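Residue numbers (the numbering used here): -18 to 326.
Think of the CB as a built atom: it goes at the ideal place given N, C-alpha and C, for glycine as much as any other residue.
The structure presented is a predicted model; accordingly, all values stated were derived computationally and were not measured.
Reading through the C-alpha cells given below for one structure.
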C-alpha cells in the first residue's frame, strides 16, 4: 500500500466521441486524426476538472478512443496504420495532460510490442501524474484481435503472470484494468482482485441499454463479488465508420464496492459520470468480518482443480503460423466442436 494514500477523491468516466481512423490513407493521416482527438481531450479534461473540482484525480477514457476498431483491415494493415508504439508520441501527449493537471489518465489503445513482431495487442493503460505509464494490461479475451493467450508461452517468458494481471499500487489506490466485454469474464476481475485490485478501470465501447443488458449486470457483479469500485467509460458514438454513429453511446458510470451506482450519464459526450471514490470506506469494509465480506470468504482451492483440468479455447495458436483474421472464427468453431464432442455443451 502506498504511504501517501489519499483516503477519498473524485473519479470521472469521461464519455467522448471516438473519431475512427479507418478511412485514413496512411499512418501519417491516422496520426493526424489521433493528435486532433488528443487536442480535443485536453480541452475537455481541463473544462471537466474546472467543473467537478480539483480533487478529481482519476479520468477513465473509453475503449480505443483514439482510433476506433479495425473494420476489414488485415492484422498487418491495422498494425501499420492505427497501433501505438509503447513509447510513442501519443502516449507522450497524454502524459503531458496528466502532468499538467496532476491526474491519473486511464484509457485503451491498440499497441505494438517489439517482443511480438507482426502482432498487436489491445492495451489498457494508466498514466500517473508524473506522466509515467504505470500499468499496461493487454486484453485477454477478444474475438478478432491477438491476445497474450494466443502467444501464451512466450508472453509469460517476457512478462510473467503478474504482467498478465497487472495491478498498479498508487496513492489513489490499487488500480487494475478491464477492457470492454471482459467485464463479462469474472475470472479476469478475480485474478486482479487476488493481486489487490481496489478500482477496476473499464474502458469500453458498447451498446447501452438500461434494461437487462448483460454488461450492465456484469459491472455490478464484478464490483460486489470483488468488493471493488468499477469506473466504466463508454464511447459517445463512433464517427467516420459505416455503422450508425450512436450504436455505442451512453451509460458511462461509477459503481461502488457495494454495487451501488453512484453516477451515470445518458447519451452524447458528457462529464456527468463522476463520483467520489471513498478508499477508506472500501478498506474498512474489506477488513470487517461478517456475511457481506465476500472477498475474505473465497475458498479458491475448491475451484482450482476444475480449472486446471479443463481446456476450452486453446493457447499459443498464433505462435508459429501465418496470421489471418479467419483464424479467430476457425479456432472458435473448432473449440465449439470439441466441447460438443466431450458433452460439455
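Check: Can you list, in chain order, the residues of its chain whose CB lies under 6 Å from that of residue -18, leaving out five sequence neighbours each side?; Outcome: At residue -18 the pLDDT is 45, less than 50, meaning the model places this residue with poor confidence; the figure from the coordinates comes in the next sentence. The answer is none, since no qualifying residue turns up.
Check: To the nearest whole angstrom, what separates the beta carbons of residue 214 and residue 233, a pair I think is in contact under 8 Å?; Outcome: 5 Å
Check: Taking DSSP's pairing of strands, which residues face residue -4 in a bridge?; Outcome: 251
Check: Figure out for me which residue from 5, 102, 179, 185 has the closest Cα to the Cα of residue 204.; Outcome: 179
Check: Following the continuous alpha helix (DSSP H) through residue 308, name the residue where it begins and the one where it ends.; Outcome: 307 to 322
Check: Counting along the chain, where does the beta strand (DSSP E) carrying residue 119 start and finish?; Outcome: 114 to 119
Check: Could you check whether residue 254 and residue 24 sit closer than 8 Å to each other, using their CB atoms as the reference points?; Outcome: no
Check: Who are the near neighbours of residue 408 in its chain, counting only those whose CB is closer than 6 Å to its CB and skipping five residues on each side?; Outcome: The requested residue 408 is not part of the displayed model; the chain covers only -18 to 326.
Check: Does the count of Cβ pairs from the region 196 to 203 and the region 151 to 166 closer than 8 Å reach three?; Outcome: yes
Check: What residues match up with residue 89 in a beta bridge as DSSP calls it?; Outcome: 105
Check: Would you decide whether residue 269 is buried or exposed? Buried here means 16 or more other CB atoms lie within 10 Å of its CB.; Outcome: exposed
Check: Quick one: Cα of residue -14 to Cα of residue 256, how far?; Outcome: 18 Å
Check: Put residue 189 into one of helix, strand or coil per three-state DSSP.; Outcome: coil
Check: Bridge partners of residue 182, per DSSP?; Outcome: 158, 212
Check: Going by other Cβ atoms of all chains shown within 10 Å of its Cβ, with 16 needed for buried, is residue 43 buried or exposed?; Outcome: buried
Check: Confirm, please, whether the CB-CB distance from residue 95 to residue 117 is below 8 Å.; Outcome: no
Check: Check the Cβ-Cβ distances between residue 31 and every residue of chain D, and say whether any is below 8 Å.; Outcome: No chain D appears in the structure shown, which is made up of a single protein chain.
Check: Taking 8 Å as the threshold (C-beta atoms), are residue 33 and residue -7 in contact?; Outcome: yes
Check: Considering only residues of the same chain and omitting the five flanking positions on each side of residue 132, which have a CB-CB separation below 8 Å?; Outcome: 97, 100, 297, 299, 300
Check: Just to confirm the assignment, what range does the alpha helix (DSSP H) spanning residue 60 have?; Outcome: 56 to 63
Check: In chain order, what residues of the same chain lie with their CB nearer than 8 Å to the CB of residue 17, ignoring the 5 residues before and after it?; Outcome: 0
Check: Residue 245 bridges to which residues according to DSSP?; Outcome: 234
Check: With a 10 Å radius around its C-beta and 16 neighbouring C-beta atoms as the bar for buried, classify residue 53 as buried or exposed.; Outcome: exposed
Check: May I ask you to list the residues that DSSP assigns as paired with residue 257?; Outcome: -9
Check: Only counting the same chain, and skipping five residues up and downstream in sequence, which positions put a Cβ closer than 8 Å to that of residue 228?; Outcome: 188, 218, 219
Check: How would you write the range of the alpha helix (DSSP H) that residue 18 sits in, first residue to last?; Outcome: 8 to 33
Check: Note down the Cα distance separating residue 36 from residue 30, rounded to an integer number of angstroms.; Outcome: 8 Å
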